[in-house]
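So the protein sequences, as listed, match chains A and B.
Numbers given in our numbering equal positions in the first sequence, counted from 1, plus 7.
Numbers given in our numbering equal positions in the second sequence, counted from 1, plus 79.
First the structure, in the form of structure tokens, and then the observations on it.
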Amino acid sequence: DQQVKQNSPSLSVQEGRISILNCDYTNSMFDYFLWYKKYPAEGPTFLISISSIKDKNEDGRFTVFLNKSAKHLSLHIVPSQPGDSAVYFCAASSPAAGNNRKLIWGLGTSLAVNP
Amino acid sequence: GAGVSQSPSNKVTEKGKDVELRCDPISGHTALYWYRQSLGQGLEFLIYFQGNSAPDKSGLPSDRFSAERTGGSVSTLTIQRTQQEDSAVYLCASSRSGVTDTQYFGPGTRLTVL
């Protein structure tokens, strides 16, 4: 049962336009959300995070929006660049006993930014 | 700069053989994670080490899988009697302390079981 869902396996966007990657979750206890980017043959790299006390976090061209009532978050990339072409993973975490938090990962969305 | 390193980068083995995958985390990181990514799938959590605490093994898919972390640093993931469904990319990550810290991933080990 996927607690973190990325329903679009792929997305294609024109260079310079906005890329919007979506992520839905089912566990209302999640209080911390992250986006990672993965290029082929490399491990994922951290992109941006957001705590549940916020509804927006911005870092340069990347903005993450959190809608707690809808259990939905989205990553906006603007303007999109060809180098942004990668697989984007959404991940979430909930408080657990002790220090035993885990990240629950989505299946990823493959973004292609076309020149 | 020393990131997370994993070895080997590729491993081809025959069904039924044992394999060992190694992870060298970033120095000073107390948390270490193993994941695997099968073809077309997301990241599947396997095991999590945090300092001297007992590891969280809740993601290990069967008792053929085990992992150790010696001296709070290097970790070895062992798969005994490999099966074809074990074929995947095995990723290791480390973070400074807990899960809310950024996880730094290694490049992964691609395991192919023939």
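No residue lacks a Cβ here, since even glycine has one placed at the ideal position from N, Cα and C.
Check: Closest by CA to Leu110 of chain A, which one among A:Asn34, A:Thr116, A:Lys45, A:Ser101?
Finding: A:Ser101
Check: How would you call Tyr46 of chain A, buried or exposed, if buried means at least 16 neighbouring beta carbons within 10 angstroms?
Finding: exposed
Item checked: Residues near Ser59 of chain A in its chain [Cβ-Cβ closer than 8 Å; skip 5 each side] -> Phe37, Asp38, Tyr39, Phe40, Leu73, Lys75
Check: In angstroms, rounded to a whole number, what distance separates the CA positions of Ser81 of chain A and Gly95 of chain B?
Finding: 43 Å
Next item on the list: Starting from the C-beta of Thr191 of chain B, find all residues in its chain whose C-beta is less than 6 Å away, skip the five residues before and the five after it, and write them out in chain order.
Entry: Val91, Ser166
Item checked: Span of the beta strand (DSSP E), counted from its first residue to its last, around Tyr112 of chain B -> 110-116
Checklist line | Contact under 8 Å by Cβ, Leu170 of chain B with Tyr114 of chain B | finding: yes
Next item on the list: Return no unless some Cβ of chain A is closer than 8 Å to the Cβ of Asp103 of chain B.
Entry: no
Next item on the list: Could you please give the first and the last residue of the uninterrupted beta strand (DSSP E) stretch that includes Pro91 of chain B?
Entry: Checking the displayed sequence, the identity of residue 91 of chain B turns out to be Val instead of Pro. Looking at the DSSP string, the run of the beta strand (DSSP E) that includes Val91 of chain B is 89-92.
Check: Going by C-alpha distance, which of A:Arg68, A:Asn121, A:Thr70, A:Ala99 is nearest Pro89 of chain A?
Finding: A:Asn121
Next item on the list: Report the residue from B:Ile158, B:Ala110, B:Gly119 whose alpha carbon sits nearest the alpha carbon of Val83 of chain B.
Entry: B:Ala110
Margin query: Quick check on Gln13 of chain A: buried or exposed, where buried means 16 or more other Cβ atoms within 10 Å of its Cβ?
Written below: buried
Check: Which value, in whole angstroms, describes the spacing of the CA atoms of Leu100 of chain B and Gly151 of chain B?
Finding: 17 Å
Check: Residues of chain A with CB under 7 Å from Gly121 of chain B, in chain order?
Finding: Phe96, Trp112, Gly113, Leu114, Gly115
Checklist line | Residues, ordered as in the chain, of the segment 49-72 of chain A that lie near chain B by beta-carbon distance below 9 Å | finding: Glu49, Gly50, Pro51, Thr52, Phe53, Ser56, Ser58
Next item on the list: Leaving out five residues on either side along the sequence, give the residues of the same chain with a beta carbon under 7 Å from the beta carbon of Phe53 of chain A.
Entry: Leu41, Tyr43
Next item on the list: With Lys63 of chain A as the anchor, note down where its beta strand (DSSP E) starts and where it stops.
Entry: 63-66
Notebook entry, point to check: Between Asp135 of chain B and the rest of its own chain, which residues show a CB-CB distance below 6 Å, the 5 nearest in sequence each way excluded?
Noted result: Tyr127
Notebook entry, point to check: Helix, strand or coil for Thr149 of chain B per DSSP?
Noted result: helix
Next item on the list: Can you check DSSP and say which residues form a bridge with Tyr43 of chain A?
Entry: A:Phe53, A:Phe96
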